[in-house]
Amino acid sequence: MTTLDRGGDTRARILAAAQQLFAERGYAATSLADIAARVGLTKTAVAYHFHPKDRLAAELIAPAADDLFSLLGAEHGDDPRGFVAPLTGFVVRHRTVIGLLMEDIGGADQAAPGSRGDAIRTFRDEIHTRLAGPAPGAAARVRAWAVMGALQLAVVQTMDLPEDSVRDLLLTAALAAYDAIPPRGDTASPPGGASSSAAATSRDGSSSVRAR
Numbered sequence: 001m002t003t004l005d006r007g008g009d010t011r012a013r014i015l016a017a018a019q020q021l022f023a024e025r026g027y028a029a030t031s032l033a034d035i036a037a038r039v040g041l042t043k044t045a046v047a048y049h050f051h052p053k054d055r056l057a058a059e060l061i062a063p064a065a066d067d068l069f070s071l072l073g074a075e076h077g078d079d080p081r082g083f084v085a086p087l088t089g090f091v092v093r094h095r096t097v098i099g100l101l102m103e104d105i106g107g108a109d110q111a112a113p114g115s116r117g118d119a120i121r122t123f124r125d126e127i128h129t130r131l132a133g134p135a136p137g138a139a140a141r142v143r144a145w146a147v148m149g150a151l152q153l154a155v156v157q158t159m160d161l162p163e164d165s166v167r168d169l170l171l172t173a174a175l176a177a178y179d180a181i182p183p184r185g186d187t188a189s190p191p192g193g194a195s196s197s198a199a200a201t202s203r204d205g206s207s208s209v210r211a212r
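Sequential numbering of the sequence shown, starting at 1, is according to the UniProt record's numbering.
This is how it looks when you write it as structure tokens:
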């Protein structure tokens, strides 16, 4: 084995340990010393390959970013529902990275231009557009956010569970969230229309007609 090979193996071991520790403790609570102890190296050795710690995060994020570009560049049909399954597969495959980015995800709307949070906001909004469809009404918008919220929270809270099980169960849950709000919710009843009349008569008890 050459010196270059050994260096590559060390980097791979450091990245694997960092990924595990970030999943277990969170990014902020994991130090280079923690990673060094997990790998069996000195902190100086880890810092030689990855200093500052942000370089570790950037290298772990890169494959997920490439995968996300592929996801958003692919065709998933005209029905936004068809995007739920590939999106679920993506978030489960990269659940450690999503956990790593939770702070950035939470602050994306306030992120400065050019920051990592700004990039996350751009990707997030594109995912929402794919789920909500063109010119979405209230129901489509809420439905898209419901699916995204369920996926994001569920994957970071189930990192101890097998990936295959999480993917299958989460897809069922995401589709249920999507289907829970039917498209008709986007069509508002006109003022004084049938729905308004039905609601009024129901309140005063003078009619048994229900709004549909």
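Note that the Cβ used here is the ideal one computed from N, Cα and C, for glycine as well.
- Distance between G89 and L32, taken at the CA atoms: about 31 Å.
- Under the three-state reduction of DSSP output, D54 falls in the helix class.
- The straight-line gap separating the alpha-carbon atoms of D66 and G149 is approximately 22 Å.
- Only residues of its own chain outside the window of five on either side were considered, and among them I35 and L56 have a CB closer than 6 Å to the CB of A18, listed in chain order.
- Using a Cβ-Cβ distance cut-off of 8 Å, the stretch 143-158 and the stretch 89-101 are in contact, since at least three pairs of beta carbons, one from each stretch, lie closer than that value.
- Fewer than three beta-carbon pairs drawn from the stretch 168-175 and the stretch 101-113 are found closer than 8 Å, and the two stretches are therefore not classed as touching.
- For S165, the enclosing alpha helix (DSSP H) covers residues E163 to D179.
- The C-beta distance from R124 to Y178 rounds to 17 Å, too long to meet the 8 Å contact threshold.
- In this structure, DSSP gives T158 a state outside helix and strand, which the three-state scheme calls coil.
- The C-alpha of P86 is placed about 24 Å away from the C-alpha of R116.
- For I127, the closest C-alpha among the options F69, E59 and L161 is that of F69.
- Separation of the CB atoms of L21 and T30 is rounded to 5 Å, and the pair is thereby assigned contact status at 8 Å.
- By alpha-carbon distance to A176, the top candidate from V166, D164, A146 and P162 is A146.
- Excluding sequence positions up to five before and after I14, its CB lies within less than 7 Å of the CB of I35, V39, V46, H49 and F50, all in the same chain and listed in chain order.
- Annotation for R38: the continuous alpha helix (DSSP H) segment containing it runs L32 to V39.
- Residue environment: P162 is assigned as exposed (fewer than 16 neighbouring CB atoms within 10 Å of its CB, all protein chains considered).
- Counting only the Cα atoms, D9 lies some 38 Å from H76.
- When DSSP states are grouped into helix, strand and coil, G99 belongs to the helix group.
- Distance between A16 and R25, taken at the CA atoms: about 14 Å.
- Its Cα nearest to that of L151, the residue V91 stands out among A140, G99, V91 and L72.
- Nearest to A180 by alpha-carbon distance, out of P113, G114, R81 and R121, is R81.
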